[in-house]
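*Asks:* Right, I'll just put the structure down here and ask away after.
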Amino acid sequence: MEWKDVLNLFQGIATLAASEPSIAIARIGLIFLGMLLVYLGKKEVLEPLLMIPMGFGMAAVNAGVLFLSATQQGTLFVNPILSEPTQLINILQIDFLQPIYTFTFSNGLIACFVFMGIGVLLDVGYVLERPFESMFLALCAELGTVATFPIAVACGLSYNDAASIAMVGGADGPMVLYTSLMLSKNLFVPITVVAYLYLGLTYGGYPYLIKLLIPKELRGINVERSKNVVTITSGEKLAFAIIACSVLCLLFPVAAPLFLSLFVGVGVRESGLTHFISFIGGPVLYGSTFFLGLLLGVLCEANTILNPQILILLLLGILSLLLSGIGGIIGGYLMFFLKKGKYNPTIGIAGVSCVPTTAKVAQKSVTEVSPEVLILPYALGANISGVITTAIIAGIYVTLVPLFK
Amino acid sequence: MKLSTRGFWIAGIVLSFFGVAVARWLSPQVPPGYTLMTTLAGQLLALGGLFVIALGTRKRRKRGEAEGS
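As you go down the protein sequences, you meet chains F and X in turn. All residue numbers for the first sequence refer to the working numbering, where the first residue is 1444 and numbers rise by one. All residue numbers for the second sequence refer to the working numbering, where the first residue is 24 and numbers rise by one.
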């Protein structure tokens, strides 16, 4: 018996030795990156609901590589490349995450489940109370989603890939996943991983952007509220949800699953169906979030994710989010001038549709300067409008970009 | 012409579905050079209709607040 036979008992290490040096180094790097994500998730620097399972998945998939045959290495987690039906049925019985990947991830179902959960948590009344302001700020905050597309094309990406990475500026993970699955199947893993990593950073990074662009005096502006507040009825919200769902599905049938998922969640909430609200807002949302994070981590296997375009995706992703934040703040300033100084420009950042993170970021930045000022209702209106406008832009990209040839 | 809240809802729904008809039914029938423009115009009309509905609820809310104070 030779030493290499002993090494074959520990195939995770033997496959490292048998791989090309670049792949071996990448695997080791991704194992440590997975550990780092778990640490950052525990410290709540990044979103722990996603980063904890993603970190574990990333570390495990890069460690657990074995010899599938004399010449082929692989894992027993998931094979994202297979599409031939016979091979797929075979692998469904071997790779333990393959059924979840094939039946919920690659067809966008898991993104839709997360969106249903988001819909149940949303109160569209905030949008209906201040539609002009909310929509205006949300549109301004789509600067990154729109401007990054031509920049990405100029950097050499195809129209489909450019649209997919531009959607990172919409700051909505399920929509990035859905758009990249529809338009850019070969890059959807790195694009979605980049998107979720950066979205986790908005909570830490956007406050600095606010401090840089908005002086203290303006951050502390109190927005006057009427003493006699009249709320939007649940009937109005429900009617708006079904009409908006129908209109948007008619306009963009390719994105209809996303619109249905969001508005059925809103409809369930406004109908007062408590069992559905608990079910969708609880097990569906958190279960989907867990498996989304786990699958994203597992898909970060060195052979799958190492793509020469990953660096350009990293740069374009951060550019897209940065431009969206700047666009939102510009929108806040425009509202400040339109209202002759009676508007807090910080609210603009909430137009970036990371619900409710950016609304909380806006309120926190204001509270640091003026603890008595409450801008959260305004910020939530812009935040929720941001979700709707990002869904519309996703629908526009998915419908129109394939026509650009 | 002042619209009641119901008027805003009706106008908004009609405008939205008119925009859908322009974007999805009319645009494939226009000459090729005008297809994109017609599609975008229809989409803007449809989204504008949703905005009109939201304006109606806002108007009702503001009227209620004014009466209350």
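Where is the CB? At the ideal position from N, CA and C, for every residue including glycine.
(1) Got a sec: which bits of the stretch 1621-1640 of chain F sit with their beta carbon under 9 Å from any beta carbon on chain X, in order along the chain?
(2) Per the contact definition of three or more C-beta pairs closer than 8 Å, is the stretch 1724-1743 of chain F in contact with the stretch 1688-1700 of chain F?
(3) So what's F/Gln-1850 in DSSP terms, helix, strand or just coil?
(4) In the DSSP assignment, what residue or residues form a beta bridge with F/Phe-1509?
(5) At a threshold of 7 Å, does F/Val-1795 count as lining the ligand FAD (C-beta to nearest heavy atom)?
(6) Cβ closer than 8 Å: which chain X residues qualify as neighbours of F/Ile-1471?
(7) Buried or exposed for X/Trp-48, please, with buried defined as at least 16 other CB atoms from any protein chain shown within 10 angstroms of its CB.
(8) For F/Glu-1679, count neighbouring Cβ atoms within 10 angstroms of its own Cβ and tell me buried if that reaches 16, exposed if not.
(9) Just the Cα atoms here: how many angstroms apart are F/Thr-1717 and F/Arg-1470?
(10) Evaluate the contact criterion for the stretch 1586-1600 of chain F versus the stretch 1638-1647 of chain F: three or more CB pairs, one atom per stretch, below 8 Å.
(11) So, does the CB of X/Ala-64 fall closer than 8 Å to a CB anywhere in chain F?
(12) Looking at X/Gly-42: is its Cβ nearer than 8 Å to the Cβ of X/Leu-68?
(13) Go ahead and label F/Gly-1852 buried or exposed: buried means 16 or more other beta carbons lie within 10 angstroms of its beta carbon, across all protein chains shown.
(14) Report the CB separation of F/Thr-1801 from F/Ile-1792 in whole angstroms; it is logged as a contact under 8 Å.
(15) Just to confirm my understanding: we take F/Gly-1784, look at its own chain, exclude 5 residues before and 5 after, and list those with CB closer than 8 Å. What are they?
(16) Using a 10 Å radius around the Cβ and a threshold of 16 neighbouring Cβ atoms, would you call F/Glu-1667 buried or exposed?
(17) Is F/Leu-1540 closer than 8 Å to F/Leu-1531 when the C-beta atoms are compared?
(18) Under the assumption that F/Ala-1609 contacts F/Ala-1595 (Cβ atoms under 8 Å), give the Cβ distance between them as a whole number of angstroms.
(19) Might you give, ordered along the chain, the residues of its own chain that have their beta carbon closer than 6 Å to the beta carbon of F/Leu-1492, omitting 5 neighbours on each side?
(20) By how many angstroms is the C-alpha of F/Met-1478 removed from the C-alpha of F/Ser-1808?
(21) Under three-state DSSP, which class holds F/Tyr-1786?
(22) Anyone know if the C-beta pair for F/Ala-1822 and F/Leu-1701 falls short of 8 Å?
(23) Short check: CB of F/Gly-1560 to CB of F/Gly-1708, under 8 Å?
(24) Nearest CA to the CA of F/Ala-1590: which residue from F/Tyr-1786, F/Ile-1761, F/Leu-1819?
(25) Can you tell me where the alpha helix (DSSP H) holding F/Asp-1604 begins and where it ends?
(26) Is the stretch 1736-1751 of chain F touching the stretch 1511-1530 of chain F, taking contact as three or more C-beta pairs under 8 Å?
(27) Over what stretch of residues does the alpha helix (DSSP H) that includes F/Gln-1454 continue unbroken?
(28) Under 7 Å between beta-carbons, which chain X residues line up against F/Met-1578? List them in chain order, please.
(29) Helix, strand or coil: how does DSSP classify F/Asn-1629 here?
(30) Which residues mark the beginning and the end of the alpha helix (DSSP H) in which F/Gln-1530 is found?
(31) Would X/Arg-29 pass as an interface residue toward chain F - the criterion being a Cβ-Cβ separation below 8 Å?
(32) Quick one: list the residues of chain X neighbouring F/Ala-1687, beta-carbon separation under 9 Å, in chain order.
(33) Within the 8 Å Cβ cut-off, does F/Arg-1712 reach chain X?
(34) Using a threshold of 8 Å, state whether the C-beta atoms of F/Ile-1634 and F/Ser-1607 are closer than that.
(35) At a CB-CB cut-off below 8 Å, which residues of chain F make contact with X/Val-43?
*Replies:* On the basis of the data shown:
(1) Residues passing the 9 Å Cβ filter: none.
(2) By the criterion of at least three beta-carbon pairs nearer than 8 Å, the stretch 1688-1700 of chain F is not in contact with the stretch 1724-1743 of chain F.
(3) Residue 1850 of chain F lies beyond the residue range present for chain F, which begins at 1444 and ends at 1848; the question has no answer from this structure.
(4) The identity of residue 1509 of chain F in the sequence shown is Leu, whereas the question assumes Phe. Per DSSP, F/Gly-1517.
(5) By its list of ligands, the structure shown contains no ligand whatsoever, and the ligand FAD lies outside what it can speak to.
(6) Those do not exist, as F/Ile-1471 stays about 49 Å from chain X at its closest Cβ, beyond 8 Å.
(7) By the neighbour-count criterion, in which 16 or more other beta carbons inside 10 Å mark a residue as buried, X/Trp-48 falls on the exposed side.
(8) Its Cβ being crowded by 16 or more others within 10 Å, F/Glu-1679 is buried.
(9) Distance between the alpha carbons of F/Thr-1717 and F/Arg-1470: 46 Å.
(10) Flag = no, the stretch 1586-1600 of chain F and the stretch 1638-1647 of chain F do not touch.
(11) For X/Ala-64, the answer is no, since every Cβ of chain F falls outside 8 Å of its Cβ.
(12) A contact, by the Cβ cut-off of 8 Å.
(13) Missing from the structure shown is residue 1852 of chain F; chain F here goes from 1444 to 1848 and no further.
(14) Right, their Cβ atoms sit about 6 Å apart.
(15) Once the five neighbours on either side are set aside, the close Cβ partners of F/Gly-1784 are Ile-1664.
(16) By the neighbour-count definition (other C-beta atoms within 10 Å, threshold 16), F/Glu-1667 is an exposed residue.
(17) It is not a contact, given that the beta carbons lie outside the stated cut-off.
(18) Indeed they touch by this definition, with Cβ atoms about 6 Å apart.
(19) In its chain, beyond the 5 residues on either side, Thr-1732 have a beta carbon closer than 6 Å to the beta carbon of F/Leu-1492.
(20) Approximately 31 Å between the Cα atoms of the pair.
(21) DSSP places F/Tyr-1786 outside both helix and strand once states are collapsed to three, so it counts as coil.
(22) Going by C-beta atoms, F/Ala-1822 is not nearer than 8 Å to F/Leu-1701.
(23) With respect to F/Gly-1708, F/Gly-1560 sits close: the two C-beta atoms are nearer than 8 Å.
(24) Minimum Cα-Cα distance from F/Ala-1590 among the listed residues F/Tyr-1786, F/Ile-1761, F/Leu-1819 corresponds to F/Ile-1761.
(25) It spans 1602-1609 - the alpha helix (DSSP H) in which F/Asp-1604 sits, taken as one unbroken run.
(26) Under the three-pair Cβ rule at 8 Å, the stretch 1736-1751 of chain F counts as touching the stretch 1511-1530 of chain F.
(27) Going by DSSP, F/Gln-1454 is part of the alpha helix (DSSP H) stretching over 1454-1461.
(28) Chain X residues near F/Met-1578: Phe-74.
(29) Correct three-state label for F/Asn-1629: helix.
(30) First-last of the alpha helix (DSSP H) with F/Gln-1530: 1528-1535.
(31) Not an interface residue.
(32) Here the neighbours are Ser-39, Leu-73, Ile-76.
(33) Output row for F/Arg-1712: interface = no.
(34) Against a cut-off of 8 Å, the Cβ pair of F/Ser-1607 and F/Ile-1634 comes out as a contact.
(35) What X/Val-43 touches in chain F: Val-1690, Leu-1693, Leu-1694.
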